[in-house]
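See structure below.
4 protein chains.
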Amino acid sequence: MDTIKSIGIFCKQKPHISQEVLQELVDWLRQRNYQVLMPPDTAAIVQEPSSDGNDDIPGKSDLIIVLGGDGTLLSVARLTENHEVPILAVNLGSLGFLTEVALPELYSTLEKVLKGQSAVEDRMLLRSCLKRHGEVLRSDVSLNDVVINKRDARIVNLEVHVNDQYMTSYRADGLIIATPTGSTAYSLSAGGPIIHPSMNALLLCPICPFTLTNRPIVIPDRAVIQVNLTTQEKVQITLDGQLGYEMTSEETLEVQRGPKPVHLIQAPGKNYYQILRQKLHWGRPAEDRKQ
Amino acid sequence: MDTIKSIGIFCKQKPHISQEVLQELVDWLRQRNYQVLMPPDTAAIVQEPSSDGNDDIPGKSDLIIVLGGDGTLLSVARLTENHEVPILAVNLGSLGFLTEVALPELYSTLEKVLKGQSAVEDRMLLRSCLKRHGEVLRSDVSLNDVVINKRDARIVNLEVHVNDQYMTSYRADGLIIATPTGSTAYSLSAGGPIIHPSMNALLLCPICPFTLTNRPIVIPDRAVIQVNLTTQEKVQITLDGQLGYEMTSEETLEVQRGPKPVHLIQAPGKNYYQILRQKLHWGRPAEDRKQ
Amino acid sequence: MDTIKSIGIFCKQKPHISQEVLQELVDWLRQRNYQVLMPPDTAAIVQEPSSDGNDDIPGKSDLIIVLGGDGTLLSVARLTENHEVPILAVNLGSLGFLTEVALPELYSTLEKVLKGQSAVEDRMLLRSCLKRHGEVLRSDVSLNDVVINKRDARIVNLEVHVNDQYMTSYRADGLIIATPTGSTAYSLSAGGPIIHPSMNALLLCPICPFTLTNRPIVIPDRAVIQVNLTTQEKVQITLDGQLGYEMTSEETLEVQRGPKPVHLIQAPGKNYYQILRQKLHWGRPAEDRKQ
Amino acid sequence: MDTIKSIGIFCKQKPHISQEVLQELVDWLRQRNYQVLMPPDTAAIVQEPSSDGNDDIPGKSDLIIVLGGDGTLLSVARLTENHEVPILAVNLGSLGFLTEVALPELYSTLEKVLKGQSAVEDRMLLRSCLKRHGEVLRSDVSLNDVVINKRDARIVNLEVHVNDQYMTSYRADGLIIATPTGSTAYSLSAGGPIIHPSMNALLLCPICPFTLTNRPIVIPDRAVIQVNLTTQEKVQITLDGQLGYEMTSEETLEVQRGPKPVHLIQAPGKNYYQILRQKLHWGRPAEDRKQ
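Protein chains in written order, with this note's numbering: chain A, 1 to 291; chain B, 1001 to 1291; chain C, 2001 to 2291; chain D, 3001 to 3291.
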């Protein structure tokens, strides 16, 4: 983080909260002579015009501030793939796995960031390519996961290769390919383990697999995962629970680690296990189911 | 519940709580001309002598009041097997699955009970017999479960018959045989389902089974379950997590529904699903893991 | 099973198997002066015409023979709801949970059935009604399950009442409401328990619930279950994995035990636990994962 | 693998198998002028004397051959911690996760090994130290796992720190700390994920945790894990399911990656996913539970 001059802000519109918070932040930054960049959606919250598109801001900013929840951060993270810009994620509501900084800590944290006193944590991204006969039809990044889900069929039949080696076939509702960051999102509901976000790992977690021994599997992040459909059907591909498209049995989905990570600014005084305990309600004292 | 004259009280000794609560309750009852029976442990809390043993009280009482937690209730429930006496269970601390009545509701609930206006819910008990060559070595009741657990071995080998029909063999850490009441106790931690307490069901839940498809199984409560060890070893038998003894490969454990249920007085205005939601923290609004 | 005169046959078309098997069976029955009824699809396999529709046959038959797999049986079972006719289910391929009789045992079993020497097992059905403002839009039966599944949304928000009492809300991929028979079908893949088919039970098994403590729950079969959507969205309702329709947030799905069960003829010499062990590969000797 | 001169052999005594196989192997090696080293147990199988202890052989051998199952390999692996010697593991019975080479492939594989044509795979070990007031009471290695298990108590209360940072507290039957190699052993039965053996990872898998959201967690292998008991009790520590000792609340168990890995010779033409599929019965064609 060299000298910070331009700061991009992405804010989720939340009634009764966003406008006041955002206006105050924009004013605070401009008083200190930082240039503030906002995409049209965010600018509209404080009744400003904007000529910067979502995609342009990461390249023009030395710091990005996200105001919202984990969902807002996920969508911004995907925009920053080719940029080194760090992200400060502030939750407007309850604590997120990714949006560690709470609103009351915004300015104290921001001052540390602007003085270069904050720690940055890298989180790997996934790159997923849809291919037909070797040709790339589309290519996307995601921070949490890429999910293959059944559409109209009762069950889907998937075949998975890892580094061109046959791994296994799944008859299942679908398959989640997750980063360590995504291990606490959808994958956890499907029975997956928690993976520390600093790990170089990919997680394959089948959704309701027919074969009961088809357990979640953690593999090295240098793997290239290829998924094919073995019957004539369509499946739904979803990125971070937000973007989606269809895939047919003519096509192959290729998933691997993205070349560059996202740079998240850590909330001072918080650590991963603390957030885990809080989000998953571990060790609450009130629990006394009698065993 | 015919006319109530004698009331047995079992109280768990908890520093700073029990004495005051118990003294007040005893006074309240005596003022209303009820005979109060307490076992020595409970009587000692209010510095009274007692000539009634634990086992005698259920037969002499028209109502039993339990002050404590689910654990206290479990131990009292086992004493009442051969008696029709209803039990009013009041938790001295946090809400229990079984001790639904909170301390502030004690007297309002008690007044309803004494007027015969309260509802009683029957909960089935388990009877378990340890047999060697057909001879009964010991026989016990339990309200939650009977657990067969490994002792020194890495794994135990169990063979289960239901109504003299071979069911399956388990290689596992152990096996939980639970009532519907016990389905929310140890069994839940071992992966078992929740079973509504009004059901006529027995639950067999293996603990860490080697064969991954050995899933929990719910069977009718008219079943007689027989468990044998198929290798030379010792296992630990535990009743309601409170009483225990050893079993060897010479012996058979026979488990079935007890002939008579326990009669629990329901807290007015509470229902099973409400307690489930509260105890298992369902539907808390704060949960927003981003999927 | 009074005197059997008319026998309905439903056969799944399988290349290289069905025609020969079906022709032999039809000839065998006609030689013994039984009237054979086949729906058009089945009749076409042996190049015969048919004037009996699928729906008519159960009412005209004293016995129904199903040749196929569990899927074929499921579709026939739903037709027989209002009839007392017993079903003999013969698998053309591998052992099914429901199609217990293998092809080589067909005639020996059939002879016992025709002499009235076979045992019949009742299996409960589910009745599900889609209602809007109290009006019944459609009503269906199923033998395994009724499944509510997300369509385009990432997650669905369901609210469940049991006998007009609020049970819980689910944020999940969906919800399976299963009979004991259906407990070994889709529900098992979603983490549900096995329930003995003789039990009077309904199983609610959430699919990938967001709240990790939302475990499968078994309730008495006298319950009326109502499911509503709490957000503006559409879900997919699927019966036995075979029939489907859409439901919106304007509508309520009401599920309860069907008034009459299906009558399955049991394969002589087989029992439920034996089929379980075989289908779930329990106790195979080759397993020696080192613990 | 430089020039191989001395070959250590560890053989499990199995009636009807071991002697013949071992004698043939010893003769084959001596005919080719290799020095054969056997510990007393193994030497006794072929009626030979031995002056080499179990512990001496790894240091004197250029290659170790294990004849037995995964259990035999586990006990040999722990002996080789401080040595670079590669291990060729041959199963005398059914395929193991670790003993990939089958008896019929012994000599063809051995010839490749002796010519230096075989691939070696490193598998990390765990080092576990029992400490009291900073003093090391004992120190062990294990290849699969270190398990903390309850003894007489109904449940144990454990507190876990990672790199001196508080992670969480468990109320559970116990805790498994496993290597990737151990992820397919005991941990799999306790609900843990499969972890590719090449990963630099440690797995913490609680056994029947009281708090249902206490899910298995995968952390980097550079972590130092400290486990303490928070109540007055004794627990059982078990290494690879084979070695054990007691731990009290006075003591701390410290677990981390061992400094050196074990060197396993890979069976030519086999790969990890193939062994997984075979051992866990994935993708068997006979499975057709009707969904």
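Backbone N, C-alpha and C fix where the C-beta goes; we use that ideal spot for every residue, glycine too.
Query: Give me the residue from B:1230, B:1173, B:1236 with the minimum Cα distance to residue 3189 of chain D.; Result: B:1173
Query: Does the contact criterion of 3 or more C-beta pairs under 8 Å hold for the stretch 144-157 of chain A versus the stretch 234-252 of chain A?; Result: yes
Query: Between the Cα of residue 2140 of chain C and those of C:2242, C:2003, C:2109, C:2092, spot the shortest distance and give me the residue it belongs to.; Result: C:2242
Query: Pull up the DSSP beta-bridge partners for residue 2271 of chain C, would you.; Result: DSSP lists no partner for residue 2271 of chain C.
Query: Going by beta carbon distance, what residues of the same chain come within less than 7 Å of residue 2291 of chain C, once the five residues before and after it are set aside?; Result: Note that residue 2291 of chain C scores a pLDDT of 44, beneath 50, so its modelled location is shaky; the value from the coordinates is reported in the next line. No residues qualify anywhere along the chain.
Query: Could you check the C-alpha separation between residue 2182 of chain C and residue 2264 of chain C for me, to the nearest Å?; Result: 15 Å
Query: Give the interface partners of residue 3165 of chain D over in chain A, defined as CB-CB distance under 8 Å, in chain order.; Result: 271, 273
Query: Using Cβ-Cβ distances below 9 Å, what residues of the stretch 3217-3243 of chain D are close to chain B?; Result: 3236, 3238, 3241, 3242
Query: Could you tell me if residue 137 of chain A is buried or exposed, where buried requires 16 or more neighbouring beta carbons within 10 angstroms of its beta carbon?; Result: exposed
Query: Which residues in chain B have a C-beta closer than 7 Å to the C-beta of residue 2282 of chain C? List them in chain order.; Result: 1168, 1211, 1213, 1214
Query: Around the C-beta of residue 1061 of chain B, are 16 or more other C-beta atoms found within 10 angstroms, so that it is buried, or is it exposed?; Result: buried
Query: Assuming residue 1244 of chain B is part of the beta strand (DSSP E), what are its boundary residues?; Result: 1243-1248
Query: What's the gap between the Cα of residue 176 of chain A and the Cα of residue 10 of chain A?; Result: 28 Å
Query: Less than 8 Å between the C-beta atoms of residue 255 of chain A and residue 75 of chain A, yes or no?; Result: no
Query: With which residues is residue 115 of chain A paired in a DSSP beta bridge?; Result: None; residue 115 of chain A has no bridge partner.
Query: Excluding the 5 residues flanking residue 59 of chain A on each side, which residues of the same chain have their C-beta closer than 7 Å to its C-beta?; Result: 83
Query: Give me the Cβ distance between residue 3073 of chain D and residue 3194 of chain D, rounded to the nearest whole Å; I'm assuming they're in contact under 8 Å.; Result: Not quite, the Cβ-Cβ distance comes to about 19 Å (not below 8 Å), so this is no contact.
Query: State buried or exposed for residue 2273 of chain C, treating a residue as buried only when at least 16 other CB atoms are found within 10 Å of its CB.; Result: buried
Query: How about residue 2226 of chain C and residue 2161 of chain C: do their beta carbons lie closer than 8 Å?; Result: yes
Query: Looking at residue 3209 of chain D: is its Cβ nearer than 8 Å to the Cβ of residue 3170 of chain D?; Result: yes
Query: Along the chain, where does the beta strand (DSSP E) that runs through residue 2027 of chain C open and close?; Result: Note, residue 2027 of chain C: premise wrong, no beta strand (DSSP E); alpha helix (DSSP H) at 2018-2031.
Query: Residue 47 of chain A to residue 2133 of chain C, Cα distance in whole Å?; Result: 43 Å
Query: Hey, quick one: how far does the beta strand (DSSP E) through residue 1170 of chain B stretch, first residue to last?; Result: 1165-1172
Query: Using a Cβ-Cβ cut-off of 8 Å, state whether residue 124 of chain A counts as contacting chain D.; Result: no
Query: Are the C-beta atoms of residue 94 of chain A and some chain D residue less than 8 Å apart?; Result: no
Query: Leaving out five residues before and five after residue 55 of chain A in sequence, what residues of the same chain have Cβ atoms less than 7 Å from its Cβ?; Result: 79
Query: If we define contact as Cβ-Cβ less than 8 Å, is residue 3208 of chain D a contact residue for chain B?; Result: yes
Query: With 16 other CB atoms within 10 Å as the buried threshold, where does residue 187 of chain A fall?; Result: buried
Query: Please report how far the alpha carbon of residue 43 of chain A lies from the alpha carbon of residue 50 of chain A, in whole angstroms.; Result: 6 Å
Query: Name, please, each residue of chain A whose Cβ falls closer than 8 Å to the Cβ of residue 2188 of chain C.; Result: 212
Query: Report the neighbours of residue 1201 of chain B on chain C: residues whose CB is nearer than 8 Å to its CB, in chain order.; Result: 2199, 2201, 2218
Query: Compare the beta carbon distance of residue 34 of chain A and residue 7 of chain A with 8 Å and say whether it is the shorter of the two.; Result: yes
Query: Strictly below 8 Å CB to CB, what residues from chain B border residue 2194 of chain C?; Result: 1215, 1216, 1217, 1218
Query: Taking only beta-carbon atoms, is residue 1257 of chain B less than 8 Å away from chain D?; Result: no
Query: Anyone know if the C-beta pair for residue 2252 of chain C and residue 2131 of chain C falls short of 8 Å?; Result: yes
Query: Can you check DSSP and say which residues form a bridge with residue 1068 of chain B?; Result: B:1091
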